[in-house]
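Peer 1: One structure, as structure tokens, below. Some questions next.
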Amino acid sequence: MNKQYNPLLEKQLKDFLKGKAMPEGLEKLFASISDSYNNFEKERTAIKQEMQQNSKELTEANQQIKLEAERYKAAEALARKNEQILRSINEHINEAIFRSTPHKGVVYINQAFAELFAYKQAKEVISMPISALFVEQSTIDTLNEKLASNGFFKNEEALFKKKDGTMFWGLVSCILSRNNEGEVFYDGAIVDIDVQKRTQNRLMAINEELKKTNAELDRFVYSASHDLRAPLKSLLGLLQLAEYEPPHNIQEYLHKMRNSVLKLDYFIEEIIDYSMNARMETNVEQIDFNELIQTVLEKLQYLPAASKIEKKLAINGRHIFYSDRSRCLILLNNLLSNAISYHNPHQTNPLILIKVDQQPQQAIITIQDNGKGIDQDHLNNIFKMFYRASAHSNGAGLGLYIVKEILQKLNGSIDVQSSVNQGSAFTLKIPNTPPG
């Protein structure tokens, strides 16, 4: 056996031959088997090494997977913790938090949002367009423009409406965002500022009223000082003349003195009416327009030419009407006294027509005359304080101003139509305000 066989095979051959020579043909066969066995051993060793390498790689991969799994668990735990924190914040924060999309509407709201808009459950709002909660379309358009140009807006005032239709002022902020798929979201918050806003509006209204009052006070002091002193100066002058004039001229002076005193009394009455309307609370009671108008007409009979003017009264409707009697009395007194004072002396049949239409919700009163009328240039100013449309006016220019102020107190309105030498028509609308 000169050939080197596989050690295991060579030992078996020696035991088999027991020192004898191996036949040539058999030697070749065993040589071939030995080579195959050696090749098998080499392949087995290579496979074993490859398996060991694969096992090592698998072990390392398993360790990596385990590590990644631990990281994933840690990240998942952190995400759950953050989610709990965010949920806690959203549930306990006072701001109303929302998320919406252009096509799906509202996709999320917190509890504060539902409570602010008077919804019992969040699902009532889900899928609703966020724009449905706004009152004014102009506000929606403005906010959409800011989102489109800037991608966000912050602390914008808006008027919102609740589920029951109640409106309130809110401060809204919003930002536009996109996810990995490019889907657009609007994330925002709304803060209720209704109390602050309404307080601010009241303060602004009070401030405007103070400005108006100060301006009126300045005009009042100036005009009142002039209009109060003018009749007194005239009266003093007439008294001085009467001291030196013959007795037969006294009657003429007394007549002029009477006119001065009446003018002064008329002006003081206007001041009292103005003060009463500005300071007294509204006192509602049932109004009998027939009695009220007759009372005014009787009071005005002392005015010059009052007896020469025909007065016609027509009252329609039987609905019971409630308002402030004292203020209604002043309204009718001022308008009817003007109709008498500014009658047309050239009119053959001077007439004042008074119509009252008592409706369930309001009374419409029209006082129409065929007197001197008012020039169109003056119509826009006749309701201003101390404005006189005629140079021959005996009043202080407060009458129609007081009419306008009283109607504001009563939530009413007035309209006037007038033409020079044709007459005027004043139409008043006074709300019916039953007590309780």
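The letter at position 4 of the sequence shown is residue 4 when you use full-length UniProt numbering, and the numbering goes up by one with no holes.
Built from N, CA and C at the ideal position, the CB exists for glycine as well.
For clarity, every value in this text was computed on a predicted model and none was experimentally measured.
#1: Fully enclosed by the region 371-426, which alpha helix (DSSP H) runs are 4 residues long or longer?
#2: For residue 457, name the three-state secondary structure that DSSP assigns.
#3: Is Tyr119 closer than 9 Å to Lys163 when the C-beta atoms are compared?
#4: Going by C-alpha distance, which of Val296, His319 and Gly399 is nearest Phe386?
#5: How should His346 be labelled, buried or exposed, when 16 other C-beta atoms within 10 angstroms of its C-beta is the threshold for buried?
#6: Tell me Met280's beta-bridge partners as DSSP assigns them.
#7: At the level of alpha carbons, what is the spacing between Ala114 and Gly188?
#8: Compare the Cα-Cα distances from residue 461 to each of Leu332, Lys409, Ala75 and Phe40 and report the closest residue.
#9: Could you check where the beta strand (DSSP E) with Val172 kicks off and where it finishes?
#10: Start and end of the beta strand (DSSP E) containing Leu353?
#11: Can you check whether the CB of Ala305 is closer than 9 Å to the CB of Ile340?
#12: Express the C-alpha separation of Ala61 and Asn2 in angstroms, rounding to a whole number.
#13: Compute the Euclidean distance between the alpha carbons of Glu136 and Met167, then round it to the nearest angstrom.
#14: According to DSSP, simplified to helix, strand and coil, what is Tyr37?
#15: Within the continuous alpha helix (DSSP H) that includes Thr101, where are the two ends?
#16: Would you mind working out which of Ser418, Ile365 and Ile97 sits nearest Asp375, comparing C-alpha positions?
#17: Using a Cβ-Cβ cut-off of 6 Å (strictly less than) and excluding sequence neighbours within five positions of Glu285, which residues of its own chain qualify?
#18: In the DSSP output, what is Phe134 paired with across the bridge?
#19: List the DSSP bridge partners of Gln63.
#20: Do the CB positions of Ala74 and Gly170 come within less than 9 Å of each other?
#21: Can you list, in chain order, the residues of its chain with a C-beta nearer than 6 Å to that of Gln49? Leave out the 5 residues immediately preceding and following it.
#22: By the 10 Å Cβ neighbour count, where 16 or more other Cβ atoms means buried, how is His343 classified, buried or exposed?
#23: Determine the closest residue to Leu133 out of Phe153, Gly165 and Lys146, with distance taken between C-alpha atoms.
Peer 2: Reading from the atomic positions:
#1: 376-379 and 399-409
#2: Limits of the chain in this structure are 1 at one end and 436 at the other, which puts residue 457 out of reach.
#3: yes
#4: Gly399
#5: exposed
#6: None, per the DSSP bridge assignment.
#7: 14 Å
#8: An answer regarding residue 461 cannot be provided, because it is not within the stretch 1 to 436 covered by the chain.
#9: Met167 to Arg178
#10: Leu351 to Gln358
#11: yes
#12: Residue placement at Asn2 is poorly supported in this model, since its pLDDT is 46, which falls under 50; the coordinates are not used for a value here.
#13: 11 Å
#14: helix
#15: No alpha helix (DSSP H) holds Thr101; the beta strand (DSSP E) holding it covers Ala96 to Thr101.
#16: Ser418
#17: Arg325
#18: Phe160
#19: Beta-bridge pairing links Gln63 to no other residue.
#20: no
#21: none
#22: buried
#23: Gly165
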